[in-house]
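Here's the structure, in structure tokens; my notes come after.
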Amino acid sequence: MSITMTQDLGPDMTTMQDVRTMDYDAFLKLVEGEFLNHPIVVNNRYSRWFAQGEATMGELRHFTVQFSVFSNLFLIAQLKKMLNADSLESMRAAKEILANELGVIFNNKQRQEAKQVTDKDQEGDPELVSTEGTIDGGTFRFGAAHFEWLLKFGKPLNLGFNDLGKRKHGTKSTLFFCDELSRLYGSDDFSIAAGASFAIENWAAAGFWQELEDGLLKIRQRMVPDLSIAFFAWHNRLEAQHAAHTQDELKEIFNDPNFDREKFLAGGREMLESLAVFWNGLEEDRQNGVTV
0 MSITMTQDLG PDMTTMQDVR TMDYDAFLKL VEGEFLNHPI VVNNRYSRWF
50 AQGEATMGEL RHFTVQFSVF SNLFLIAQLK KMLNADSLES MRAAKEILAN
100 ELGVIFNNKQ RQEAKQVTDK DQEGDPELVS TEGTIDGGTF RFGAAHFEWL
150 LKFGKPLNLG FNDLGKRKHG TKSTLFFCDE LSRLYGSDDF SIAAGASFAI
200 ENWAAAGFWQ ELEDGLLKIR QRMVPDLSIA FFAWHNRLEA QHAAHTQDEL
250 KEIFNDPNFD REKFLAGGRE MLESLAVFWN GLEEDRQNGV TV
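Numbering of the sequence shown is given in numbering that gives the first Met the number 0, commencing with residue 0 and proceeding in unit increments.
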């Protein structure tokens, strides 16, 4: 497929009002209107098709491999986001996500008491793991690593450790998105990184996780009765909280004299464009009969 992206992170002259003169509410309205109305957010052809639950085994395996590459390589972008943080608070926020991805369970005593988990090996089960709390004081479990959740998902599809998550398994469109995620979301320019983060989190909260979960429930009923979809269900519950956190982050940095609003917008736009390359790549593969 043809992949083209601009590397220009300068101001977009099509913005109707000079963003430098906007107050916070007006800027937030502009950002949400532009990001949440991006074609890949409102018209993701692949996830809309996936929600119907009609994927063949080969199509489901192809999706699983490509999604696992994105999920695993996301760790690089998140590490860069942590290392390039502009404050201790931002570093800790990035570390929360990174450590949780790696297997540190959120410390949420109320959730733990409600579930009454007595089998320590089950503490990493995404059906039991909380989506709230903090990694501070949390417990590390190998089985709570998100990649290990994907391994459980892949097992009934005959996909094992060496079939998933590695860069060599990625298609051109998947790797393009992963590299842009690292460049933008993990940027050392905090305005660009914040824009990319805001875009990616609000996309994630806009419903694609629900479409994936809906499709997988149907596929499990129709074709793979032992399919564990907890990875997708857990993230579906989680993402609304992340979107709220990015709004808080934007409000905190909005009046920072070093905050560049144009770069923020450009970083978000480019992040969504690269995201579209990923999903449209999956859709093109589906149309062309690419399977695993």
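Even glycine gets a Cβ: it sits at the ideal position worked out from N, Cα and C.
Identity of the residues DSSP links to residue i by a beta bridge
{"i": "N106", "result": "T133"}
{"i": "F139", "result": "V103"}
Boundaries (first-last residue) of the alpha helix (DSSP H) holding residue i
{"i": "I75", "result": "56 to 82"}
{"i": "A198", "result": "189 to 202"}
{"i": "M270", "result": "260 to 286"}
{"i": "S172", "result": "171 to 179"}
{"i": "K151", "result": "145 to 153"}
{"i": "K28", "result": "23 to 35"}
{"i": "R184", "result": "What sits at residue 184 in the sequence shown is Tyr, not Arg. Y184 -> no alpha helix (DSSP H), and no H or E assigned at all."}
{"i": "P38", "result": "38 to 41"}
{"i": "I228", "result": "Premise fails: I228 is in no alpha helix (DSSP H) and is neither H nor E."}
{"i": "Q220", "result": "208 to 221"}
{"i": "S86", "result": "Unbroken run through S86: none, as it is neither H nor E."}
{"i": "F49", "result": "44 to 49"}
CA-to-CA distance, residue j to residue i, given in whole angstroms
{"i": "E88", "j": "P224", "result": "44 Å"}
{"i": "H37", "j": "N99", "result": "29 Å"}
{"i": "E200", "j": "E238", "result": "7 Å"}
{"i": "V18", "j": "D24", "result": "11 Å"}
{"i": "E33", "j": "L174", "result": "25 Å"}
{"i": "K262", "j": "W202", "result": "19 Å"}
{"i": "Q121", "j": "G206", "result": "Below a pLDDT of 50, predicted positions are generally treated as unreliable, and Q121, at 48, falls in that range; no measurement from the model is reported."}
{"i": "N235", "j": "V40", "result": "15 Å"}
{"i": "W208", "j": "F231", "result": "7 Å"}
{"i": "E272", "j": "P256", "result": "28 Å"}
{"i": "D178", "j": "G142", "result": "27 Å"}
{"i": "L183", "j": "E282", "result": "24 Å"}
{"i": "T117", "j": "E147", "result": "Caution applies to T117, whose pLDDT of 45 falls short of 50 and renders its modelled position unreliable; the value that the coordinates give is listed next. Approximately 21 Å, taken between the alpha carbons."}
{"i": "G185", "j": "S86", "result": "14 Å"}
{"i": "E31", "j": "T130", "result": "24 Å"}
{"i": "P155", "j": "I228", "result": "11 Å"}
{"i": "V64", "j": "N107", "result": "32 Å"}
{"i": "F26", "j": "A92", "result": "23 Å"}
{"i": "F74", "j": "K28", "result": "Per the sequence presented here, residue 74 reads as Leu, with Phe not at that position. Looking at the two C-alpha atoms, the distance is approximately 30 Å."}
{"i": "S181", "j": "T20", "result": "31 Å"}
{"i": "D7", "j": "E269", "result": "Residue confidence for D7 is low, a pLDDT of 48 falling below 50, so the modelled location carries little weight; the figure read from the coordinates is stated next. Taking the straight line from one Cα to the other gives about 9 Å."}
{"i": "V128", "j": "G164", "result": "22 Å"}
{"i": "R260", "j": "R219", "result": "45 Å"}
{"i": "A84", "j": "F69", "result": "22 Å"}
{"i": "F189", "j": "I252", "result": "9 Å"}
{"i": "I104", "j": "K151", "result": "18 Å"}
{"i": "G132", "j": "A204", "result": "19 Å"}
{"i": "M15", "j": "W278", "result": "Its pLDDT being 45, under 50, M15 is placed unreliably in this model, and the coordinates cannot settle the point."}
{"i": "N254", "j": "D284", "result": "44 Å"}
{"i": "D22", "j": "V289", "result": "48 Å"}
{"i": "A76", "j": "A54", "result": "30 Å"}
Closest Cα partner of residue i within the set the options
{"i": "M81", "options": "L74, F73, M90, I75", "result": "M90"}
{"i": "H168", "options": "A192, G206, N71, F231", "result": "N71"}
{"i": "H145", "options": "L97, G159, S172, F207", "result": "L97"}
{"i": "N287", "options": "H61, L78, L101", "result": "H61"}
{"i": "A192", "options": "G266, A93, L150, R166", "result": "G266"}
{"i": "G153", "options": "F176, F66, R260, G280", "result": "F66"}
{"i": "M222", "options": "S46, M56, L27, G132", "result": "M56"}
{"i": "S46", "options": "G280, R260, E131", "result": "G280"}
{"i": "L226", "options": "L59, L35, G164", "result": "L59"}
{"i": "V291", "options": "S86, V103, T170", "result": "T170"}
{"i": "L78", "options": "F277, N107, R140, E95", "result": "E95"}
{"i": "F176", "options": "V276, K28, A54", "result": "V276"}
{"i": "D187", "options": "I218, F258, A204", "result": "F258"}
{"i": "N43", "options": "E210, G132, F189", "result": "E210"}
{"i": "L35", "options": "L264, D284, R285", "result": "L264"}
{"i": "W233", "options": "V68, L149, I218", "result": "L149"}
{"i": "S172", "options": "L274, A54, D22, V289", "result": "L274"}
{"i": "L101", "options": "A54, R140, A76, G132", "result": "R140"}
Interface flag, residue i vs chain B, CB-CB below 7 Å
{"i": "S227", "result": "This model lacks chain B altogether, as it is built from one protein chain only."}
Open item on the list: For the region 133 to 149 against the region 36 to 56, do three or more pairs of beta-carbon atoms, one drawn from each stretch, fall closer than 8 Å, so that the two count as touching?
Closed with: no
Open item on the list: Counting beta carbon pairs with one atom in the region 244 to 253 and one in the region 181 to 199, are three or more of them shorter than 8 Å?
Closed with: yes
- [ ] Could you tell me whether the region 157 to 171 touches the region 209 to 217, where touching means 3 or more Cβ pairs closer than 8 Å?
- [x] no
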